[in-house]
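Engineer:
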Amino acid sequence: MAEQEHGSLKDKQEKKFATKLIHFGAEIDEHTGASSVPIYQASTFHHHDIFNPPDYDYSRSGNPTRQALEDYITLLEGGVRGFAFASGMAAISTSFLLLSSGDHVIVTEDVYGGTYRLLTTVLNRLGIESTFVDMTDFEAVKAALKSNTKAVFMETPSNPTLKITDIGEIAEWAKSLDLITMLDNTFMTPYHQRPIELGVDIVLHSATKFLGGHSDVLAGLAVVANEDLGRRLKQLQNGLGTVLSAQESWLLIRGMKTLQARMEHSESSARKLADWLDKRSDVVQVYYPGLPNHPRREIHEKQSRGYGAVVSFDVGDGDRAKAVLSRVKLPLVAVSLGAVESILSYPAMMSHAAMPREVRLQRGITDGLVRYSVGLEDVDDLIADLEQALDGKEAI
1 MAEQEHGSLK DKQEKKFATK LIHFGAEIDE HTGASSVPIY QASTFHHHDI FNPPDYDYSR
61 SGNPTRQALE DYITLLEGGV RGFAFASGMA AISTSFLLLS SGDHVIVTED VYGGTYRLLT
121 TVLNRLGIES TFVDMTDFEA VKAALKSNTK AVFMETPSNP TLKITDIGEI AEWAKSLDLI
181 TMLDNTFMTP YHQRPIELGV DIVLHSATKF LGGHSDVLAG LAVVANEDLG RRLKQLQNGL
241 GTVLSAQESW LLIRGMKTLQ ARMEHSESSA RKLADWLDKR SDVVQVYYPG LPNHPRREIH
301 EKQSRGYGAV VSFDVGDGDR AKAVLSRVKL PLVAVSLGAV ESILSYPAMM SHAAMPREVR
361 LQRGITDGLV RYSVGLEDVD DLIADLEQAL DGKEAI
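Residue 29 in the UniProt record's numbering sits at position 29 of the sequence shown, and the numbers go up by one each step.
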């Protein structure tokens, strides 16, 4: 990352997170003084001197707007190099292609359904093997090791049951065996959790979610901890062409500037919603790391600065879940999460539809489970709306 006149990278890293969100190195255009990163809507770039190629020659290989975003997420995650992709799954898929045919990866068992689908229907055909384990059980993780294991893929809190993996414990073990560690940090974002500081090699985001924050951009991000992985991932990004466009890069930069303010508001509301749900006798189970009874809460608190804005809860069975989904008035009933508007999802038919029912049930993703991504509405209104949906009556 090039130094800017208004401060070196070292200077920026010493600033508090909220300041870095606004002052990330490209917040002022060095050519015009514009207060917004320019959108370089160009597919190719002129070579003024053919013997000295310019920094940018073709937007698949590099684009100034995308580069500003990639430097931005690198700064926030504390890595050495960042990459922007066309979606979260593009970021995850490209990162998995660091592996080769015959390699094996250990994966969080209740991983996002799209990641499960990739591993079990695409990468398996390419000879990349995966074993899904409960990563709350360190002995089970170690037992999954094979002679051809090359990587460990973590998701914590997991989607949608919010199980907590001890990041440092897994990363230290993996490093001793020269395994690549990857972690999906979508739920926590770099505001709450910075896995590279805990020893992880590659941090991944569906930036469509909390980083973008406005349900108007599809994007994925990856940040690496060392230059060798950066070189290899850059070759894959360029070779596969899984890049984010300039327009969407700009939208994501705009959304990320308010990340801390949005996360603080949504988390405060999520904690209140989870407490309220936990007191209801007609709710079978509430999953939220901020609840006192959430398994391994102390580990989450050791590695994260907050609990996030996603609350999952089991209402008993599929019929009741669908009734609740049909009665709510405020949240979107939709795929995705992490937006200014609250979003209520049904994992069995949405995020984890690709997972066979028997596999879902083994992972605690029941037919009665719903996932609530808490937005920026007044939490009392959200609770009143959910109360009428659970009680089976229309809101007054």
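Ideal Cβ placement from N, Cα and C applies to all residues, glycine included.
Whole-angstrom Cβ separation of Leu291 and Ala274, contact assumed at under 8 Å?
Structural biologist: Going by Cβ atoms, the distance from Leu291 to Ala274 rounds to 6 Å, so yes, they are a contact pair.
Engineer: Have a look at Val374 and Ala309 and give me their C-alpha separation to the nearest angstrom.
Structural biologist: If you take the alpha carbons of Val374 and Ala309, they lie about 5 Å apart.
Engineer: List the DSSP bridge partners of Asp103.
Structural biologist: According to DSSP, which records beta bridges pairwise, Asp103 is partnered with nothing at all.
Engineer: Using CA atoms only, rank isn't needed, just tell me which of Phe51, Thr94, Phe24 is closest to Val243.
Structural biologist: The candidate whose alpha carbon is nearest that of Val243 is Thr94.
Engineer: The alpha helix (DSSP H) with Lys150 in it runs from where to where?
Structural biologist: Not the alpha helix (DSSP H): Lys150 falls in the beta strand (DSSP E), residues 149-155.
Engineer: If the criterion is Cβ atoms closer than 8 Å, does the pair residue 398 and Phe313 meet it?
Structural biologist: Because residue 398 is not part of the residues shown, which for the chain are 1 to 396, the question remains open.
Engineer: Quick check on Glu109: buried or exposed, where buried means 16 or more other Cβ atoms within 10 Å of its Cβ?
Structural biologist: Buried, because 16 or more other Cβ atoms sit within 10 Å of the Cβ of Glu109.
Engineer: Contact defined as beta carbons within less than 8 Å: I believe Ile106 pairs with Val80. What is the distance between those atoms, to the nearest angstrom?
Structural biologist: Rounded, the Cβ-Cβ distance is 25 Å, inconsistent with contact.
Engineer: For Ile396, count neighbouring Cβ atoms within 10 angstroms of its own Cβ and tell me buried if that reaches 16, exposed if not.
Structural biologist: Residue placement at Ile396 is poorly supported in this model, since its pLDDT is 37, which falls under 50; the coordinates are not used for a value here.
Engineer: According to DSSP, which residues form a beta bridge with Tyr287?
Structural biologist: Bridge partners of Tyr287: Ser312.
Engineer: Between Ile167 and the rest of its own chain, which residues show a CB-CB distance below 6 Å, the 5 nearest in sequence each way excluded?
Structural biologist: Pro195, Leu198, Gln303.
Engineer: With DSSP as the reference, identify every bridge partner of Val133, one or two as the case may be.
Structural biologist: For Val133, which the question treats as bridged, DSSP gives the partners Thr108.
Engineer: If you draw a straight line from the C-alpha of Tyr191 to the C-alpha of Asn124, how long is it?
Structural biologist: Rounded to whole angstroms, Tyr191 to Asn124 spans 34 Å at the Cα level.
Engineer: To which residues of the same chain is Ile22 closer than 8 Å at the C-beta, ignoring the five residues directly before and after it?
Structural biologist: The residues are Lys257.
Engineer: Do the segment 152-172 and the segment 33-46 make contact, defined as three or more Cβ pairs closer than 8 Å?
Structural biologist: Touching, no.
Engineer: By the DSSP assignment, the alpha helix (DSSP H) with Thr65 in it spans what residues?
Structural biologist: Counting along the chain, the alpha helix (DSSP H) containing Thr65 begins and ends at 64-77.
Engineer: Pro295 to Ile164, Cα distance in whole Å?
Structural biologist: Taking the straight line joining both Cα atoms gives about 8 Å.
Engineer: Within 10 Å of its beta-carbon, does Asp380 have 16 or more other beta-carbons around it, so buried, or fewer, so exposed?
Structural biologist: Counting Cβ neighbours within 10 Å, Asp380 comes out exposed, since fewer than 16 surround it.
Engineer: Under 8 Å, do Thr161 and Ile170 count as touching if we go by C-beta distance?
Structural biologist: No.
Engineer: Let's test the definition: count the other Cβ atoms within 10 Å of the Cβ of Thr65 and tell me whether it reaches 16, buried, or not, exposed.
Structural biologist: That one is buried.
Engineer: Is the beta carbon of residue 400 sitting closer than 8 Å to the one on Ala207?
Structural biologist: Because the chain here runs from 1 to 396, residue 400 falls outside it and cannot be looked at.
Engineer: Just to confirm, is the Cβ distance from Leu376 to His265 under 8 Å?
Structural biologist: Contact flag set, yes.
Engineer: Grab me the residues of Arg232's own chain with a C-beta within less than 8 Å of its C-beta, minus the 5 sequence neighbours each way, in chain order.
Structural biologist: Contacts found: Leu98.
Engineer: Can the beta-carbon of Leu259 be found less than 8 Å from the beta-carbon of Leu211?
Structural biologist: Yes; because the gap between Cβ atoms is below 8 Å, this pair is in contact.
Engineer: Return helix, strand or coil for Tyr372, following the three-state DSSP convention.
Structural biologist: Three-state result, Tyr372: strand.
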